[in-house]
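Position one of the sequence shown corresponds to residue 1 (the UniProt record's numbering), numbered consecutively onward.
Beneath this line is the structure, given in structure tokens, with notes to follow.
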Amino acid sequence: MNINANTVVSITYELHTTTPEGQQVFVEKANEEQPLVFLYGVGMMLPKFEEHLAGLKAGDEYSFELSAADGYGEIDATAHVDLPIDMFKEAGELPKVGDVIPLQDNQGNQFRAGVTGVHEDIINVDLNHPMAGKNLIFAGKVLTVREATADELSHGHAHGADGHEGH
């Protein structure tokens, strides 16, 4: 079976980025013991990532590079905000520079932001995705491809490689 809409895909991958000098830098990987499992074609993965996997089948190997624009976007220099320190005092411990903190927008969407400064009254955060501005280099292997179950389709996500993992 080939990867296409409404299939559950299980893959291994290694992800690298590059430094401005062109050196590859390892970021993360998923191996055969802990593969990445996802429902293809429902918007859970980067669109260009899925595009490169389209039509592959179990056993196929892949390797491709996504530009920053096709990955998590270019860095937005205006995507920085100052949050009142009072937001964090209830938690008991203030975040430190370099921490990644969970936030929520007015529509209830959750996301993460990087702390860039801690001051007497405010916390500075960077709202750019940590991989913004970076090309993403993927290499891996397709382990399994199967039809999604009705439950997976109605829930909008995979229930594991075999379709039987709970929530």
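Where a beta carbon is used, it is the ideal one built from N, C-alpha and C, also for glycine.
CB-CB length for residue 56 against residue 2, believed under 8 angstroms: Right, the Cβ-Cβ distance comes to about 7 angstroms (below 8 angstroms), so this counts as a contact.
For residue 223, count the other beta carbons within 10 Å of its own beta carbon; 16 or more makes it buried, fewer makes it exposed. Which is it? This structure cannot speak to residue 223, because the chain is shown only from 1 to 167.
Following the continuous alpha helix (DSSP H) through residue 47, name the residue where it begins and the one where it ends. 47-53 is the extent of the alpha helix (DSSP H) around residue 47.
Nearest CA to the CA of residue 131: which residue from 118, 66, 157 and 110? For residue 131, the nearest C-alpha among the options comes from 66.
Closest by CA to residue 110, which one among 129, 94, 154 and 157? Selected option, being the one with the closest Cα: 129.
Span of the beta strand (DSSP E), counted from its first residue to its last, around residue 147: Segment 136-147, the beta strand (DSSP E) holding residue 147.
Residue 101 to residue 62 span [Cα, whole Å]: Each residue's alpha carbon lies about 33 angstroms from the other.
Between which residues of its own chain and residue 17 is the CB-CB distance below 8 angstroms, once the five residues before and five after are set aside? Apart from sequence neighbours up to five positions away, the residues of its chain that approach residue 17 with a beta-carbon distance below 8 angstroms are 24, 25, 27, 131, 134, 135, 136 and 137, ordered along the chain.
Mind checking which residues open and close the alpha helix (DSSP H) that includes residue 105? Note, residue 105: premise wrong, no alpha helix (DSSP H); not H, not E.
Alpha-carbon to alpha-carbon, residue 78 and residue 89: When rounded, the distance between both Cα atoms is 26 angstroms.
With C-beta atoms as the reference, is residue 161 less than 7 angstroms away from residue 10? In this structure, residue 10 lies closer than 7 angstroms to residue 161 by Cβ.
For residue 42, I'd like the list of residues in its chain whose CB is within less than 6 angstroms of its CB, leaving aside the five on either flank, ordered along the chain. 156, listed in sequence order.
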